[in-house]
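Quick note on numbering: the sequence shown equals residues 79 to 940 in this note's numbering.
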Amino acid sequence: MADAQIATQTPHVTRREDYREPDWLVPDIALDFDLDPAATRVRTTLSVTRNGSHAHPLRLDGEGLTALSVKVDGVAVSDWSMDGEDLIVPLSGGAHSVETEVEIAPERNTQLMGLYASGGILCTQCEAQGFRRITFFPDRPDVLSKYKVRMTADKARYPVLLANGDPIAQGESEGGKHWAEWHDPFPKPCYLFALVAGDLVANRGSFTTMSGRDVQLGIWVRAPDLPKTDHALHALKLSMAWDEQVYGREYDLDVFNIVAVDDFNFGAMENKGLNVFNSRYILADPDTATDYDYDAIAAVVAHEYFHNWSGNRVTCRDWFQLSLKEGFTVFRDQSFSADQGSAAVNRIEDVRGLRAAQFPEDAGPLAHPIRPDEYIEISNFYTATIYNKGAEVIRMMATILGPEKFRAATDLYFQRFDGTAATCEDFVQSMEQGGGVDLSQFRLWYSQAGTPRVSATLTRDGGRARVKLRQTVPPTPGQPDKAPMVLPLKLKLFGEFTGRAMCDEQLVLLKDPEAEIVFENLTEQPVLSINRGFSAPVIVETNRTPKDLAFLSAHDDDPFARYEAMQQLMLDTLVESVANGSVDHGPVIDAVRNTLGDTALDSAFVAEAVLLPSDSFIGDQMAVVEPEAIFHAREALRADLGRELAAEWRAAYEGARANRFEYSPAAKGARRIRTVALGYIAASGAADAADLAFAQFEGADNMTDRQGALTTLANGSSPLREAAIEGFYRRYSANALVLDKWFQTQALATRDDTAQIVETLARHPDFTLANPNRARALIGAFSVNQRAFHDLSGRGYRFVADQIIALDKLNPQTAARLIPPLGRWKRFDAGRAAKMRAELERIVATPGLSKDTFEQASKSLD
Ligand code: B3K
Ligand code: ZN
79 MADAQIATQT
89 PHVTRREDYR
99 EPDWLVPDIA
109 LDFDLDPAAT
119 RVRTTLSVTR
129 NGSHAHPLRL
139 DGEGLTALSV
149 KVDGVAVSDW
159 SMDGEDLIVP
169 LSGGAHSVET
179 EVEIAPERNT
189 QLMGLYASGG
199 ILCTQCEAQG
209 FRRITFFPDR
219 PDVLSKYKVR
229 MTADKARYPV
239 LLANGDPIAQ
249 GESEGGKHWA
259 EWHDPFPKPC
269 YLFALVAGDL
279 VANRGSFTTM
289 SGRDVQLGIW
299 VRAPDLPKTD
309 HALHALKLSM
319 AWDEQVYGRE
329 YDLDVFNIVA
339 VDDFNFGAME
349 NKGLNVFNSR
359 YILADPDTAT
369 DYDYDAIAAV
379 VAHEYFHNWS
389 GNRVTCRDWF
399 QLSLKEGFTV
409 FRDQSFSADQ
419 GSAAVNRIED
429 VRGLRAAQFP
439 EDAGPLAHPI
449 RPDEYIEISN
459 FYTATIYNKG
469 AEVIRMMATI
479 LGPEKFRAAT
489 DLYFQRFDGT
499 AATCEDFVQS
509 MEQGGGVDLS
519 QFRLWYSQAG
529 TPRVSATLTR
539 DGGRARVKLR
549 QTVPPTPGQP
559 DKAPMVLPLK
569 LKLFGEFTGR
579 AMCDEQLVLL
589 KDPEAEIVFE
599 NLTEQPVLSI
609 NRGFSAPVIV
619 ETNRTPKDLA
629 FLSAHDDDPF
639 ARYEAMQQLM
649 LDTLVESVAN
659 GSVDHGPVID
669 AVRNTLGDTA
679 LDSAFVAEAV
689 LLPSDSFIGD
699 QMAVVEPEAI
709 FHAREALRAD
719 LGRELAAEWR
729 AAYEGARANR
739 FEYSPAAKGA
749 RRIRTVALGY
759 IAASGAADAA
769 DLAFAQFEGA
779 DNMTDRQGAL
789 TTLANGSSPL
799 REAAIEGFYR
809 RYSANALVLD
819 KWFQTQALAT
829 RDDTAQIVET
839 LARHPDFTLA
849 NPNRARALIG
859 AFSVNQRAFH
869 DLSGRGYRFV
879 ADQIIALDKL
889 NPQTAARLIP
899 PLGRWKRFDA
909 GRAAKMRAEL
919 ERIVATPGLS
929 KDTFEQASKS
939 LD
């Protein structure tokens with residue numbers, strides 16, 4: 079016991095600087111699976127070659143595996159040994175065949191890493207280090223092999239057998255079994271291995287690539303879900319065409335399969351030719367999926383498809399390079415989504431997500447650069463920083479290079495590194511050479527954590543205006559001092575009187591701690607529009623007045639900048655209101671009225687622009703977060719907006735009455751503004767608000783309207799609230815994905831008793847920690863409900879910590895992802911901070927804690 083505790087308290091740290099090439103390469107691997115949920119036999123034949131001249135034995139990673147036999151060149155050997163979980167095989171020559179046999183139990187795999195069972199389907203998840211739970215192997219991304227896979231399984235239970243690459247052969251075996259063989263001609267790291275066995279049906283399609291090859295597409299699900307797969311299939315075809323047009327990337331196998339499973343640790347996985355998806359990112363029909371779900375499905379399908387080049391054809395040398403594939407692929411999927419609908423609304427959503435998840439991460443105890451220097455458990459580094467800040471870093475390079483040079487540079491990157499395991503440095507060098515630019519200083523984005531702050535001060539002296547820029551990068555754990563970064567800032571001036579642009583948009587590359595830009599011959603007072611399109615992922619502070627911000631929210635010609643100006647105006651108003659107890663709401667009300675009345679704007683944009691910043695984003699602006707005061711300040715502004723603009727909200731609500739569901743940008747925009755207007759009508763305290771919401775709830779022909787109405791009712795205290803919550807449950811109790819919404823809506827509710835309700839829901843018969851979607855829907859959602867989670871009593875912290883401790887025993891990866899909200903204790907008053915710390919300490923002291931949760935909780939205490 080004592081030893082075990084010491085072991086959990088001093089886990090192994092992997093460091094980037096310790097990277098060494100692999101001792102042994104594995105050009106070929108043959109896997110033979112005898113599949114059974116209780117006992118699956120895995121026979122593996124590796125052809126290994128010594129890499130360089132050294133005398134090291136072959137070391138194969140394993141986790142929870144026992145070698146039943148080991149053969150070298152066809153002969154059983156006994157001189158192998160175990161070093162911890164690793165299998166060590168001494169080898170004398172330069173090339174050998176090494177065979178191992180193990181037995182695993184997919185149905186007992188609750189971690190959902192390796193081979194596991196989900197709703198009667200056997201499936202795999204190997205990234206980052208799950209392959210070692212299937213067979214002994216050098217489980218690192220720079221060992222690339224050609225895979226041959228043979229699967230045998232009970233034919234009635236598992237009529238469909240899928241693996242990576244192309245199907246080669248299949249047949250019957252005795253005892254009601256059948257088998258299939260798949261070969262993948264493209265060498266790949268083991269994290270991209272996948273197999274699926276199940277009773278599945280496919281929505282099939284085909285795609286003809288730009289060079290004229292036919293690819294057979296299949297979206298595999300359980301039979302009742304088949305009608306919900308058209309949207310995903312359509313998104314896949316759009317993605318394949320987009321990657322050809324925009325990046326010149328063509329698909330390379332004869333088949334591309336996607337399988338949806340209900341139990342999955344994250345969104346989806348880009349296994350070569352066989353993506354495995356969380357069913358929430360595949361299944362959609364109007365009755366069960368919101369517009370947000372439809373958009374997310376298209377984005378995730380695109381993301382995983384784009385990985386075929388950015389991730390699979392060019393993979394990562396080691397896991398410190400994770401952002402090489404993830405940052406770039408998020409940038410690619412964001413660009414794809416922007417091309418499908420409103421680019422401005424997409425950019426607003428991307429930035430809102432970055433601010434909600436990545437900025438707090440960068441400002442807290444778990445801050446890390448997009449290319450980290452060390453980790454205990456790599457699963458903890460699939461973060462908003464690696465993904466979303468990583469995407470912003472790629473976007474900045476694309477901005478600096480411009481579209482043509484960026485395309486030349488990505489062509490160079492793909493051509494030069496195809497079939498290899500590359501580094502972030504390789505990518506930056508390709509940008510430099512393809513784009514003809516020097517990115518020496520820009521590389522700091524890869525090594526420095528923390529969100530840079532830029533202050534921009536405009537002063538006018540007659541016909542001349544100066545914009546003084548200053549940048550600072552805050553200290554982060556392990557990085558007390560920072561060097562100035564390269565910040566591409568798009569800016570423009572507008573005349574306050576005429577509303578006209580006073581210059582073309584400029585791209586300023588701020589490289590020094592300070593810089594000054596001078597504008598001459600100005601004939602009127604300028605207003606500064608800066609960081610347009612969110613050209614740099616930074617926090618900008620300006621000396622703009624509420625009047626300037628209101629002006630920009632009405633006149634800026636960059637829709638993102640209009641949104642930003644409105645958000646800043648709202649944010650300044652709310653922060654002041656929290657500080658002073660009250661504030662003049664007039665400027666915000668006028669600006670919102672103006673936006674609602676601007677007929678040139680599309681409704682999706684208007685809906686985004688008139689939404690108030692979230693409680694937590696308001697908290698992020700304050701030295702000490704005051705959850706109650708923030709909540710009440712925001713509710714007071716919502717109520718005033720609701721009352722003062724009552725007629726406008728009614729008009730927006732009525733004007734957006736859709737007749738029949740349609741998934742088009744216009745119809746989506748109408749639904750969005752409708753539910754936003756409903757929220758304001760309810761906030762105004764209008765007597766008929768609950769009836770209106772209930773009528774929308776009952777009459778909706780789509781989930782967007784129904785869930786929107788449910789949210790309004792769940793936040794309130796009308797008697798119709800119960801009826802809606804019960805009605806929703808009854809209607810959808812057989813649909814796991816919709817039940818997740820039912821749990822989530824209640825966990826996010828802005829009520830005084832939300833903490834109590836959530837504790838009760840955790841005992842509901844439909845609640846289970848074993849399903850990651852369900853756990854996230856209740857626990858994950860509750861812990862970002864700022865006021866409820868930070869209840870002064872500390873009950874929210876205790877509840878979440880209890881759930882983390884329970885979940886850690888089943889699924890460490892998903893448990894560890896619930897830690898960050900508790901780790902934000904430094905941002906709160908001493909009383910709350912002490913309670914949050916106490917829960918983190920309780921978690922860290924739990925016997926048998928996983929290294930995943932240990933790393934997140936212990937770092938959060940620092
Ligand atoms: N690459 C996977 C994520 C794997 C997470 C492992 N802990 C999905 C994606 O980013 O596309
Ligand atoms: Zn990805």
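C-beta atoms are modelled at their ideal positions from N, C-alpha and C, and glycine is treated no differently.
Contact test: residue i Cβ vs ligand 1 heavy atom, cutoff 7 angstroms
{"i": "Y460", "result": "yes"}
{"i": "Q511", "result": "no"}
{"i": "A853", "result": "no"}
{"i": "Q891", "result": "yes"}
{"i": "G345", "result": "yes"}
{"i": "H381", "result": "yes"}
Any non-hydrogen atom of ligand 2 within 7 angstroms of residue i CB
{"i": "T393", "result": "no"}
{"i": "E404", "result": "yes"}
{"i": "E348", "result": "yes"}
{"i": "H174", "result": "no"}
{"i": "H633", "result": "no"}
{"i": "H132", "result": "no"}
{"i": "T123", "result": "no"}
Endpoints, alpha helix (DSSP H) assigned at residue i
{"i": "L352", "result": "Here L352 belongs to no alpha helix (DSSP H); instead the beta strand (DSSP E) covers 352-356."}
{"i": "I883", "result": "873-888"}
{"i": "R808", "result": "798-810"}
{"i": "L839", "result": "832-839"}
{"i": "K483", "result": "481-495"}
Assigned exposure category for residue i - 16 Cβ within 10 Å defines buried
{"i": "E95", "result": "exposed"}
{"i": "E917", "result": "buried"}
{"i": "T554", "result": "buried"}
{"i": "A247", "result": "exposed"}
{"i": "S660", "result": "exposed"}
{"i": "V91", "result": "exposed"}
{"i": "G556", "result": "exposed"}
{"i": "D81", "result": "Caution is warranted here: a pLDDT of 40 is assigned to D81, below 50, making its placement in the model unreliable, and no coordinate value can be reported."}
{"i": "K568", "result": "buried"}
Own chain partners of residue i with C-beta closer than 6 angstroms, once the 5 adjacent residues on each side are dropped
{"i": "W320", "result": "F414"}
{"i": "W523", "result": "V471"}
Under 8 angstroms between C-beta atoms of residue i and residue j
{"i": "L41", "j": "F334", "result": "The displayed coordinates of the chain run from 79 to 940. Any statement about residue 41 would go beyond what the structure contains."}
{"i": "A380", "j": "D428", "result": "no"}
{"i": "A54", "j": "F877", "result": "Because the chain spans 79 through 940 in this model, residue 54 falls outside it and cannot be assessed."}
{"i": "F214", "j": "L138", "result": "yes"}
{"i": "A767", "j": "A760", "result": "yes"}
{"i": "T122", "j": "T178", "result": "yes"}
{"i": "A643", "j": "S631", "result": "yes"}
{"i": "D944", "j": "F575", "result": "Residue 944 falls outside the range modelled here, since the chain spans only 79 to 940, and no answer is possible."}
{"i": "A724", "j": "L756", "result": "no"}
Range covered by the beta strand (DSSP E) that runs through residue i
{"i": "M622", "result": "Before going on, a small fix: residue 622 reads as Arg here, not Met. Looking at the DSSP string, R622 is not in any beta strand (DSSP E), and its letter there is neither H nor E."}
{"i": "Q584", "result": "584-588"}
{"i": "L136", "result": "136-138"}
{"i": "E252", "result": "Element bounds for E252: n/a, residue is neither H nor E."}
{"i": "Q549", "result": "542-550"}
{"i": "A231", "result": "223-232"}
{"i": "M160", "result": "159-161"}
Nonlocal neighbours in the same chain, by C-beta distance under 7 angstroms from residue i, ignoring five residues either side
{"i": "A116", "result": "A183, E185"}
{"i": "G351", "result": "N242, G243, D262, L331, V333, F334, N335"}
{"i": "A717", "result": "A761, S762, G763"}
{"i": "S681", "result": "A734, G747, A748, R750, I751"}
{"i": "G431", "result": "N466"}
{"i": "L400", "result": "C394, F459, I464"}
CB contact check: residue i to chain C, cutoff 8 angstroms
{"i": "D411", "result": "Considering every chain present, this structure includes no chain C. It has just one protein chain."}
Sequence-distant residues of its chain with Cβ nearer than 8 angstroms to residue i (five each side left out)
{"i": "Y236", "result": "L113, L200, A275, G276, D277"}
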